[in-house]
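Novice: Shown below is the structure under consideration.
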Amino acid sequence: MKQTQRGFAIFELLIAVFVIVIIAVAGFFFVKNKPANKDDGKTTSISTTSSETNTKTDSAKIKHLGVNLDYYDPATKKAGDFLFTNAEVFANQIFMNYGYLIPASPDYPAKRNPQPTFFLPLGTKVHSLVDGKVFRVPKLYSDDYSVQVQTEGSELIFEAEHVVNVKVKEGDTVKAGDIIAEVSPFGSQSGSGLGLFEIGILKGGNPPSHICPFDYLDDSIKDDLLKKITAFQKSWEEYKGNSNIYDESQVVIPGCVSRDPIEG
1 MKQTQRGFAI
11 FELLIAVFVI
21 VIIAVAGFFF
31 VKNKPANKDD
41 GKTTSISTTS
51 SETNTKTDSA
61 KIKHLGVNLD
71 YYDPATKKAG
81 DFLFTNAEVF
91 ANQIFMNYGY
101 LIPASPDYPA
111 KRNPQPTFFL
121 PLGTKVHSLV
131 DGKVFRVPKL
141 YSDDYSVQVQ
151 TEGSELIFEA
161 EHVVNVKVKE
171 GDTVKAGDII
181 AEVSPFGSQS
191 GSGLGLFEIG
201 ILKGGNPPSH
211 ICPFDYLDDS
221 IKDDLLKKIT
231 AFQKSWEEYK
241 GNSNIYDESQ
251 VVIPGCVSRD
261 PIEG
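Numbering (our numbering), first residue to last: 1 to 264.
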């Protein structure tokens with residue numbers, strides 16, 4: 001009887017050891033083949049989607065240039081909000097194209113302009129480019145601000161940069177054309193009375209990149225605005241008596257001399 005009990009005890013011990021081994025092996029393979037956690041998967045998915053998305057298919061579109069641009073009127077020396085002047089302005093341009101090669105200086109290397117740059121009279125009102133929600137209003141190195149607006153369902157950030165007297169805050173809903181600020185005095189040169197303003201489209205990434213904004217014009221303004229940009233630059237060259245200010249051979253779309261993303 002004692003031998004039988006001892007036999008059962010040994011058998012039960014072997015069964016227990018076998019079960020423990022099976023559980024240990026199963027646990028090892030589970031841990032080894034465990035999928036990435038949800039946060040990792042989500043991050044990877046967002047990163048992949050962002051890098052593969054062709055932003056030209058993004059539904060967000062610019063419905064306002066940010067300032068008013070029109071055909072040049074010699075009587076007023078204005079083209080919308082722009083004032084034609086003989087005062088000194090950077091690169092001899094009051095409308096600098098996206099992608100324009102800014103010459104090197106003693107302090108900075110040459111670089112491509114990541115945002116169309118405008119010089120306009122101080123006090124000029126700045127308007128929202130798009131319908132959307134104010135994403136951020138960061139203060140810039142230049143002691144002015146950037147109003148960044150994002151439309152619903154879009155990965156793109158639309159910037160009205162180098163502005164002062166900001167009239168909106170983060171979270172506000174805006175419509176294209178709403179007055180949101182004024183042009184900044186930053187960059188005002190030689191008592192010209194002109195301030196600086198830039199528009200941009202920022203595409204996410206690390207680091208983020210700017211892209212040509214005139215590829216994202218809403219159909220309601222596209223044809224008219226592109227014609228006005230071309231006419232504006234021609235009128236400016238005629239006013240300045242210099243037909244070489246703009247190199248038309250480089251233009252890929254009025255307002256841009258490149259479609260390559262520019263970091264910054």
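Where is the CB? At the ideal position from N, CA and C, for every residue including glycine.
#1: Hey, out of Asn97, His127, Val130, Val163, whose CA is closest to Thr117's CA?
#2: Using 8 Å as the Cβ pair cut-off and three pairs as the minimum, do the segment 121-130 and the segment 149-159 touch?
#3: For Leu122 and Gly187, which I take to be in contact (beta-carbon distance under 8 Å), what is that distance rounded to the nearest angstrom?
#4: Could you pull the start and end residues of the beta strand (DSSP E) that Gln148 belongs to?
#5: Suppose contacts are defined by Cβ-Cβ distances below 8 Å. Is Ile180 in contact with Val166 by that definition?
#6: When you compare the CB positions of Lys61 and Asp218, do they come within less than 8 Å of one another, or not?
#7: Mapping the DSSP letters down to three states, classify Lys240 as helix, strand or coil.
#8: Do you know how far the Cα of Pro254 is from the Cα of Gly205?
#9: Could you name each continuous beta strand (DSSP E) segment of 3 residues or more that falls completely within the segment 195-264, going from the start of the chain to the end?
#10: Find out if the Cβ-Cβ distance for the pair Ser146, Cys212 is shorter than 8 Å.
#11: Can you pull the DSSP bridge partners for Gly80?
#12: If distances are taken between C-alpha atoms only, which option among Leu120, Leu101, Ser105 comes closest to Lys111?
#13: Check each candidate in Pro261, Tyr239, Glu161, Thr230 and name the one with the smallest Cα separation from Asp247.
#14: If I'm right that His64 touches Gly241 with Cβ under 8 Å, what's the distance once you round it to whole angstroms?
#15: For a test of the three-state rule: what should DSSP assign to Phe90, helix, strand or coil?
#16: Quick one: Cα of Ser47 to Cα of Glu198, how far?
#17: So, Phe232 versus Phe95, is the Cβ gap smaller than 8 Å?
#18: Using the three-state DSSP reduction, which class does Glu161 fall into: helix, strand or coil?
Specialist: Once the coordinates are examined:
#1: Ranking Asn97, His127, Val130, Val163 by Cα distance to Thr117 puts Asn97 first.
#2: As far as the Cβ criterion goes, the segment 121-130 touches the segment 149-159, which means the pair count is three or higher.
#3: Leu122 to Gly187, Cβ: 11 Å. No contact.
#4: First-last of the beta strand (DSSP E) with Gln148: 145-150.
#5: Cβ atoms of Ile180 and Val166: closer than 8 Å.
#6: Against a cut-off of 8 Å, the Cβ pair of Asp218 and Lys61 comes out as a contact.
#7: Helix, per DSSP.
#8: The straight-line gap from Cα to Cα measures roughly 26 Å.
#9: Correct list: 209-211.
#10: Their beta carbons are not under 8 Å apart, which means Ser146 does not touch Cys212 by this criterion.
#11: DSSP lists Leu69 as the beta-bridge partner residues of Gly80.
#12: Restricting attention to Leu120, Leu101, Ser105, the CA atom closest to the CA of Lys111 is found in Leu101.
#13: Answer by Cα proximity: Thr230.
#14: A Cβ-Cβ distance of about 32 Å is found for the pair His64 and Gly241, leaving them out of contact under the 8 Å criterion.
#15: Residue state, collapsed to three classes: helix.
#16: Low confidence applies to Ser47: its pLDDT is 29, below 50, so where it sits in the model is not reliable, and the reading given next is rough at best. Computed Cα separation, rounded: 28 Å.
#17: Yes, the pair counts as a contact, with Cβ atoms nearer than the cut-off.
#18: Glu161: strand per DSSP, three-state reduction.
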